[in-house]
Structure formats: structure tokens, C-alpha cells
Amino acid sequence: MSLNHVRPWRDIYRRKSRQIMVGNVPVGGDAPIAVQTMTNTLTTDVAATVAQVQAAAEAGADIVRVSVPDEASSKALKEIVRESPVPIVADIHFHYRRGIEAAEAGAACLRINPGNIGDEARVKEVIKAARDHNCSIRIGVNAGSLEKHLLEKYGEPCPEAMVESGLEHIRILQDNDFHEFKISVKASDVFLSAAAYQGIAEATDAPIHLGITEAGGLVSGTIKSAIGLGNLLWMGIGDTIRVSLSADPVEEVKVGFEILKSLGLRHRGVNIISCPSCARQGFDVIKTVETLERRLEHIKTPMSLSIIGCVVNGPGEALMTDVGFTGGGAGSGMVYLAGKASHKMSNEQMIDHIVEQVEKKAAELEAAAEAAE
Ligand code: SF4
């Protein structure tokens, strides 16, 4: 269940899944829903890839995936794993050798479909390498690359075909007594994805990796992902998520977190509540929020901030936030602390002042959390 149990209309009952480990990150069971992204640099460019992994981790990524298309990438992977602050998943397609190399290089998880890597002996070798190196596996079914026999059976990619594909891959791992796996059934179509995920959620207790594949650019992909992943998460389905965007991986992480934050499933950083602004605004709300978002990126402690243009909604929103500012006309506004009107502040000084107040509140919350441990 989510952290919202004080208000039952906000409760989300998570599907019960087995828990596996991706490096030191638990996935499934009652573990927090992990946020993932994937690098888009050349894996052989170790410096660029490590920089991207670090930026994603700084933005909150719990796990990062890296493509391993050739032997040189397997070699680079070893260095990337060594430098990475988070567990690395190796993305493998078809080449069973790459799977073995990635496990040996220290990947925390292999994204590989056991049914697509050749005969039984090869499958066994990959599974042995994963087992020997404490490496979990993600089965990644994709509507765009379903097996031929399933396309022939069902005529086109459909939820049933995707679930059947997933179960076939699962069976191979289970027949080899390998149970440290999670599964995804992605499609670029929201309806197909959602139906396939519901089907697989009923058919297995494996942890589920959620994603809408090839979702699009920053705006369209965010909306598609919020609808697709948001609905599934609301139903309680999903143990780790990746938002796929044609954009910087850091954006994927931010969007992933925002989806989870909207549903009360994860909390991180400052949740800014701001009005769209209108002719009544007492200061430039849009510019202020843009600046504050940037200046408060370093805050990781969950807290809330309301930035509201005027008294129509300002005092009401401020009641429910840790720090608030409401425009009041005459070049100044009211600062609210812990829901109460505290003091006036000029519009010119308010950004620096709000940053200061948020940093102070974050430090207080961190100290209180430490004292409680
Ligand atoms: S809170 Fe005030 S400034 Fe903001 S949109 Fe509403 S009426 Fe306009």
C-alpha cells in the first residue's frame, strides 16, 4: 500500500510480487518502486557513459541500463560498473556471449530473453553466468519483436501473444531453477501495453518492470507514459519503471519520479504547487517557478512548496504546504511557514528568500529523520 493510508481514497493496493535484487536495489515485494533509465551514449565511450549514469543517479535513478551490443562494450561495461553509483543493467539482444560477458563484467541484471539466444546449452551457460555473478535477469517482451510462432498463432501483436511470450521465457528460467527475474511486456500503444501488463500481472508473481516503449518526445512521451504507467501503478501493478523518451535520460528520471509522486508512491525533493497565473497575479509566477525548480534541484528531502499568484487560492494552498508564497500586490507577498502566514517579503527578494526557507526546512526535516533513526 502507498504512504497515503491516512486518506483511504488515496490508497493504492500493490499487487503482491516476489522480491528480487538488482545489485543492492530490491525490486518487488514491498520495496519502493525503483526508477530506471538508460544511457544513450556509446557504451565504449566510458567517460561519457559514466557521466550520464552519474547525472541520472543524481536526478534520482535507482538503476541504470546500458546497451551491450558488442565485445568492446562488454569490456567497457566493467569500467562503467566500477564507476557507477547505482546498479547497472546490461541490455543484451540475441548474443548469448554478451550475456555471459556482461555478467562477468559485474552487471547487476541482464535484460535478455532466454528464448531468443539459441539452443538449450547456450541458455544454460547464460543462466549459469548470471547465477555465478549474482546477476538477476529481466525478460523484456516487446510487441515489436514478438516471436514468429506467436505472430502466426495470433495474427498480430496482441495482449495474449505478449503474455504467452513472457510465460514461455519465464518457463525456460524456471526449468533451469532460476528465479531472480522480473518481466516487462512493453508496447508503444498505451492500450496494448496496459492490457498486456494486466495479463502478465495475473499470470505470474514475478516483479514487473513497467514501461511504454518508444513513447515519443519529452511532452508527448511524458503524457503517454503518465497515462499508461499511471493507470497501471494506480491499479497496483509495477515494481520498477522506466519512462522511455527521445530526450536526455535525466528527463526520463524526472518524469518517472513525477508520475510516482503524483500517485503518492514515492516522495523525493520539493513538490512545487503553483497556479497557472492570470491577470490577478501579484508577481511573475511562471518565471519564478522556472527559477525555483532549477535552484531547488539539489533538495532531495521530500517537502512541499506553494507558489501562488494571488489570494484567491494562495492561503488555501499554503495551508497544506511546508513553505508557501502568495502574491499580494504592491510589490510584495506573504510567506507561509508550516501552513501559517509568517511575514511579508518583497517580490525582488522572494526567490532568494524562498530558497533559503526551503533549505532551512529541508535541514530541519533531515535532522529530525536522523534523530528518529
Ligand atoms: S491563484 Fe490568483 S493569480 Fe493564480 S491563477 Fe488563480 S486567480 Fe490567477
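Numbering (my numbering), first residue to last: 5 to 377. Glycine included, every Cβ here is placed at the ideal spot set by N, Cα and C. These numbers were taken from a predicted model, which means no experiment stands behind them.
Straight-line CA distance for residue i to residue j?
{"i": "residue 23", "j": "residue 90", "result": "18 Å"}
{"i": "residue 107", "j": "residue 135", "result": "9 Å"}
{"i": "residue 315", "j": "residue 207", "result": "52 Å"}
{"i": "residue 309", "j": "residue 318", "result": "11 Å"}
{"i": "residue 248", "j": "residue 191", "result": "11 Å"}
{"i": "residue 323", "j": "residue 62", "result": "31 Å"}
{"i": "residue 126", "j": "residue 120", "result": "10 Å"}
{"i": "residue 365", "j": "residue 205", "result": "40 Å"}
{"i": "residue 337", "j": "residue 371", "result": "29 Å"}
{"i": "residue 15", "j": "residue 75", "result": "47 Å"}
{"i": "residue 5", "j": "residue 305", "result": "Note that residue 5 scores 46 on pLDDT, short of 50, meaning its location in the model is unreliable and no value can be drawn from it."}
{"i": "residue 286", "j": "residue 294", "result": "16 Å"}
{"i": "residue 27", "j": "residue 269", "result": "22 Å"}
{"i": "residue 320", "j": "residue 342", "result": "12 Å"}
{"i": "residue 198", "j": "residue 350", "result": "49 Å"}
{"i": "residue 167", "j": "residue 283", "result": "52 Å"}
{"i": "residue 39", "j": "residue 88", "result": "16 Å"}
{"i": "residue 218", "j": "residue 250", "result": "8 Å"}
{"i": "residue 170", "j": "residue 163", "result": "11 Å"}
{"i": "residue 47", "j": "residue 105", "result": "14 Å"}
{"i": "residue 44", "j": "residue 111", "result": "17 Å"}
{"i": "residue 373", "j": "residue 367", "result": "10 Å"}
{"i": "residue 184", "j": "residue 311", "result": "45 Å"}
{"i": "residue 238", "j": "residue 176", "result": "31 Å"}
{"i": "residue 37", "j": "residue 313", "result": "34 Å"}
{"i": "residue 78", "j": "residue 172", "result": "27 Å"}
{"i": "residue 57", "j": "residue 348", "result": "42 Å"}
{"i": "residue 362", "j": "residue 346", "result": "14 Å"}
{"i": "residue 390", "j": "residue 155", "result": "Since the displayed the chain opens at 5 and closes at 377, residue 390 lies outside it and no answer follows."}
{"i": "residue 131", "j": "residue 230", "result": "34 Å"}
{"i": "residue 82", "j": "residue 70", "result": "11 Å"}
{"i": "residue 52", "j": "residue 60", "result": "12 Å"}
Compute the beta-carbon to beta-carbon distance between residue i and residue j, rounded to the nearest angstrom, for a pair I have assumed lies under 8 Å.
{"i": "residue 276", "j": "residue 242", "result": "Actually they are not in contact, since the Cβ atoms of residue 276 and residue 242 sit about 25 Å apart, beyond 8 Å."}
{"i": "residue 340", "j": "residue 332", "result": "Not a contact, Cβ separation roughly 12 Å."}
{"i": "residue 245", "j": "residue 260", "result": "5 Å"}
{"i": "residue 240", "j": "residue 18", "result": "5 Å"}
{"i": "residue 222", "j": "residue 255", "result": "6 Å"}
{"i": "residue 50", "j": "residue 84", "result": "6 Å"}
{"i": "residue 150", "j": "residue 201", "result": "No, residue 150 and residue 201 are not in contact; Cβ-Cβ is about 15 Å, not under 8 Å."}
Please identify the residue among the options whose C-alpha is closest to the C-alpha of residue i.
{"i": "residue 11", "options": "377, 289 and 267", "result": "267"}
{"i": "residue 145", "options": "32, 214, 103 and 86", "result": "214"}
{"i": "residue 297", "options": "278, 284, 313 and 287", "result": "278"}
{"i": "residue 271", "options": "112, 68 and 64", "result": "64"}
{"i": "residue 102", "options": "87, 80, 86 and 88", "result": "80"}
{"i": "residue 326", "options": "274, 349 and 286", "result": "274"}
{"i": "residue 188", "options": "348, 307 and 115", "result": "115"}
{"i": "residue 21", "options": "13, 35 and 29", "result": "35"}
{"i": "residue 122", "options": "110, 137, 57 and 97", "result": "97"}
{"i": "residue 344", "options": "356, 353, 330 and 354", "result": "330"}
{"i": "residue 67", "options": "93, 73, 78 and 133", "result": "93"}
{"i": "residue 291", "options": "232, 354 and 72", "result": "354"}
{"i": "residue 263", "options": "133, 227 and 357", "result": "227"}
So if DSSP puts residue i in a beta bridge, which residue, or which two residues, is it bridged to?
{"i": "residue 94", "result": "70 and 114"}
{"i": "residue 4", "result": "The structure shown has nothing for residue 4, since the chain only spans 5 to 377."}
{"i": "residue 347", "result": "339"}
{"i": "residue 189", "result": "145"}
{"i": "residue 330", "result": "312 and 338"}
{"i": "residue 307", "result": "274"}
{"i": "residue 214", "result": "245"}
{"i": "residue 21", "result": "The partner list for residue 21 (beta bridge, DSSP) is empty, contrary to what the question assumes."}
{"i": "residue 140", "result": "113"}
Since residue i is in the alpha helix (DSSP H), which residue starts that stretch and which ends it?
{"i": "residue 166", "result": "163-179"}
{"i": "residue 354", "result": "351-376"}
{"i": "residue 226", "result": "222-238"}
{"i": "residue 136", "result": "124-136"}
{"i": "residue 45", "result": "From DSSP, residue 45 is part of no alpha helix (DSSP H); its letter is neither H nor E."}
{"i": "residue 76", "result": "75-87"}
{"i": "residue 318", "result": "318-322"}
{"i": "residue 284", "result": "Premise fails: residue 284 is in no alpha helix (DSSP H) and is neither H nor E."}
{"i": "residue 199", "result": "194-207"}
{"i": "residue 153", "result": "152-158"}
Within 7 Å: the Cβ of residue i and any heavy atom of the ligand MG?
{"i": "residue 280", "result": "The model on display carries the ligand SF4 but not the ligand MG."}
Can you name the start and end residues of the beta strand (DSSP E) that residue i belongs to?
{"i": "residue 28", "result": "Element bounds for residue 28: n/a, residue is neither H nor E."}
When you compare the CB of residue i with every CB in chain C, is at least one pair closer than 8 Å?
{"i": "residue 121", "result": "Among the protein chains of the structure shown there is no chain C, as only one such chain exists."}
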